[in-house]
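First up is the structure itself, then whatever we jot down about it.
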C-alpha cells in the first residue's frame, strides 16, 4: 500500500513537472510579440535598454511564433496570459468585440504623456472603440513603392516622381519601351496594393458592417491592375518580383516599409521610396497596419504591474528611434519629428499631413477574412487565370461564409 | 484482492501511457467533440450537432464544401503520386544494396537516409532554390523557361521530388533490415533450381518481407494523407489552388488570420481521419489476405 501511494505521488509529481506552464512572476512583466523576423532583435534591444534603467519591474520580451494561436489557447484556459502584448491593428475590433482587451485607462493615468496628441493620429485611433482606448501604438508599417533611380533615368521617366504619385497611365506609357527582362512593377504584397487601390478608387471593403468585395469599385481596381499585367509591364507570374527589383530589373517594387533595410544591403542598387501608384495624382493611399501594445484581460495583473507597463510604454515613446532602424514608421511624434529620424527613408511618410493621411489602416472587423481570401485569389485574377467577376464572387462568398460561422459561434457563446 | 499489485510493469508502460493520454488521446477526443461545435478557440464551444458535417459534405454552394472537396482531391492526387514511389524506390535501393558487388553499403545507406533527418522547411528552401527560374539549376543549367512552382504539372513534380528525396531513406532502412533476415539458403537453392534474379525477387524476397511491406505501405499512405509542409513551402497551394491539400485548408480555418473557425476545421480533420482509417484498414486487409 505504501509503495502504491509513493508511486501515485511520484506520478503526480512527474505530471505536474511536465504540465506546469511557465508561471508568471510578480516581479516581471511578460511581454509577447509576434516579431519573429529581424525586428524581434530590435525590440529585444529596446527592452534591454529599458531594463538597464533599473525599473521597479523589469520586462521580459518573448518572441512568440504563431502568437495569435497561442493567445487563443491561453485566453481560453485563463492561464499564462501575458501582461503585455503587441498585436496588429486589424485584430483590435475582433478582440474588443469578444471583450478580451483591458482598456489602457490606468496605464494612461499613470503616464499622462501616453495620449493621443503624442502619436500619429490613425495609429492611435485604431485602438479607440466606443470612446475607450485599448491600445498604445508602437508604429505604422505600410506598403510603399520603392523605385530604381538608375532605371528611371535609363528610360528617361524621372518626371514620374514629380508629384510624388506615379499613376497607372504613367506606368502604361512605358508599354513596349522596355528592354527584354525589364519590368515596370512587381507584384510584391499584391493584396495590400488592392487594399490601397480600393481607397484610391473611392471605395471601401465594408458596407454597414457587411463585407463589400464584389463591388463595382473592386472590379475597377482589378481591371486597372490587370491592364498593367496584360501590357506585359508586371513581373511574370510566380517569379520573385522582389528579387528582380533587387537585381535591378524592375522600376518599381511595391513592398513594405521594412524592406528598406534589405534593399540597402544590395550593392549597386540605387533606390528611393515613394507612394503606391494610383489612378490619379490627387489621391494616393498606402495601405498600412500598426503594431500596438495591448493588455489582455487578466485577473492577477496588479496595479504595480500596470504602473510598470506604463513606465515601459513611456520609455518606448521617448526612445523608440531604434525601431526606425527596423524600417518602421515610428508612431511616437517625439521620435518621428526628431532630426535623427529624418535620415531614415520612411520619414518620407511623416513629412507632411497629406503623407500621414495616405497611410490607411483598415479597421473593419472582418478585414482579416477579406485579406486572407484576397491572398488566395488576387494573383490569379490579376494574371487572368480566373475572371474578375468569378473571382470577386468567390471572395465575397468565402468571406460571408466565414463570418456566418464566427457569428453563430459568438451568439451562442453569449 | 489476492492479486498483488505489480509495480515493475507500470514503470515500463507508465511514461508512454501518460504521454499518449495527454498528447494523443485527450486531444483526439476533444477534437472529435469540437467537430460537433462552433468554436473560435477562445470562448466555449457551442454544440451544433451534425451541422458542420452537413455543410462540408452536402452544401455544395458552401465555401467549406469546396475547400474540403478540393483539398481532399488534391490530397488524393498527392497520395497516388507519392506512395507507390515511396515504396518501390526504397525497395529497389535496398535490394540493390544486397548485391555482393556493391561497395560502401553503409555509406550509401547514410547518404540516402540523411535527407529524412532534415526538416521539411529547410529542405523546401533548398529545393525551391534549385527550381528557382533565376537562381536555380533548372533555369541556369538546363535553361528551363518555366516557373516551376506556378505551373502544372511542374508544381506537383517539385512537391513529389522533395517528398521522395526526404522519404526514401526511412523505408529503405526498414527494407534493408528485413532483407538481411531472409535466409540465404533460400536464394541458393532457388539459384540451383534455375530461378533468375526476377523470379527470386518475386518468389522469395517479396513474400519474405511481407510484414514490413504491409507496415510501410500502410504507414506511408497514412503519412501521405497528412501532407502539409511540402506544398505549403514549395507552391503555397498554387497555381489556382491545385496543390492546396486538405491539411492546408484545415490549418487555415483553425489558425489562419482572423477569428478561428475551429469547429468546421475539426470536422474536416475528423473526416480526413476517417478516410485514412478506412483506407489503412482496407490496405491491411487486402495485403494480409493475399499474403496468406
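Chains as they are written, first to last, in the working numbering: chain A, 1 to 414; chain B, 1 to 292.
Ideal Cβ positions, reconstructed from N, Cα and C, are used throughout, including at glycine.
What separation, rounded to the nearest whole angstrom, lies between the Cα atoms of residue i and residue j?
i	j	result
residue 21/A	residue 258/B	Residue placement at residue 21/A is flagged as unreliable, the pLDDT there being 44, under the threshold of 50; the coordinate-derived value follows with that caveat. Straight-line Cα distance between these residues: approximately 26 Å.
residue 43/B	residue 74/A	11 Å
residue 385/A	residue 240/B	8 Å
residue 355/A	residue 246/A	26 Å
residue 279/B	residue 272/B	11 Å
residue 288/A	residue 181/A	31 Å
residue 200/B	residue 80/B	28 Å
residue 238/B	residue 237/A	11 Å
residue 348/A	residue 147/A	14 Å
residue 381/A	residue 30/B	39 Å
residue 121/A	residue 285/A	16 Å
residue 37/A	residue 5/B	54 Å
residue 378/A	residue 230/A	15 Å
residue 223/B	residue 209/B	21 Å
residue 21/B	residue 27/B	8 Å
residue 388/A	residue 222/A	7 Å
residue 144/B	residue 103/A	57 Å
residue 218/B	residue 187/A	43 Å
residue 117/B	residue 361/A	43 Å
residue 61/B	residue 256/A	37 Å
residue 132/A	residue 328/A	26 Å
residue 287/B	residue 213/B	9 Å
Helix, strand or coil: how does DSSP classify residue i here?
i	result
residue 207/B	helix
residue 183/B	coil
residue 182/A	coil
residue 133/A	strand
residue 144/B	coil
residue 47/B	strand
residue 119/A	strand
residue 104/A	coil
residue 156/A	coil
residue 231/A	coil
residue 99/B	coil
residue 42/A	helix
residue 147/A	strand
residue 413/A	Because residue 413/A sits at a pLDDT of 43, beneath the cut-off of 50, its placement in the model cannot be relied upon, and the following sentence gives the value as read from the coordinates. Here residue 413/A sits in helix by DSSP.
residue 23/A	Note that residue 23/A scores a pLDDT of 47, beneath 50, so its modelled location is shaky and nothing firm can be said.
residue 218/B	helix
residue 392/A	helix
Looking only at its own chain, which residues have a Cβ that is under 6 Å from the Cβ of residue i, when we skip the five neighbours before and after it?
i	result
residue 93/B	172
residue 398/A	373
residue 62/A	32
residue 23/A	The predicted model places residue 23/A with a pLDDT of 47, which falls under 50 and marks its position as unreliable; any figure quoted below should be read in that light. Closer than 6 Å at Cβ, skipping near neighbours: no residue.
residue 91/B	175
residue 107/A	306, 309, 310
residue 413/A	With a pLDDT of 43 at residue 413/A, under the threshold of 50, the modelled position of that residue is not reliable, and no figure is offered here.
Leaving out the 5 sequence neighbours to the left and right, which residues in its chain are closer than 7 Å to residue i when beta-carbon positions are compared?
i	result
residue 220/A	201
residue 96/A	129, 134
residue 352/A	none
residue 44/A	61
residue 119/A	137, 331, 332, 333
residue 442/A	With chain A covering only 1 through 414, there is no way to say anything about residue 442/A.
residue 158/A	152
residue 115/A	108
residue 51/A	58, 59
residue 67/B	249
Return the Cβ separation of residue i and residue j in integer angstroms, given the expectation that the two are a contact with Cβ distance under 8 Å.
i	j	result
residue 67/A	residue 32/A	6 Å
residue 89/A	residue 144/A	Rounded, the Cβ-Cβ distance is 17 Å, inconsistent with contact.
residue 171/A	residue 243/A	At roughly 20 Å, the Cβ-Cβ gap does not stay under 8 Å, so residue 171/A and residue 243/A are not in contact.
residue 248/B	residue 71/B	7 Å
Between residue i and the rest of its own chain, which residues show a CB-CB distance below 8 Å, the 5 nearest in sequence each way excluded?
i	result
residue 148/B	131, 133, 138, 154, 155, 157, 158
residue 113/A	314, 317
residue 161/B	127
residue 205/B	95, 179, 182
Identify the residues that DSSP records as bridge partners of residue i: which are they?
i	result
residue 139/A	291/A, 330/A
residue 207/A	210/A
residue 29/A	59/A
residue 173/B	Paired residue(s): none; residue 173/B is not in a bridge.
residue 252/A	147/A, 185/A
residue 278/A	167/A
residue 85/A	32/A, 294/A
The stretch 41–70 of chain B: which residues have C-beta closer than 7 Å to a C-beta of chain D, in chain order? In summary, chain D is missing from the structure at hand, where the protein chains are A and B.
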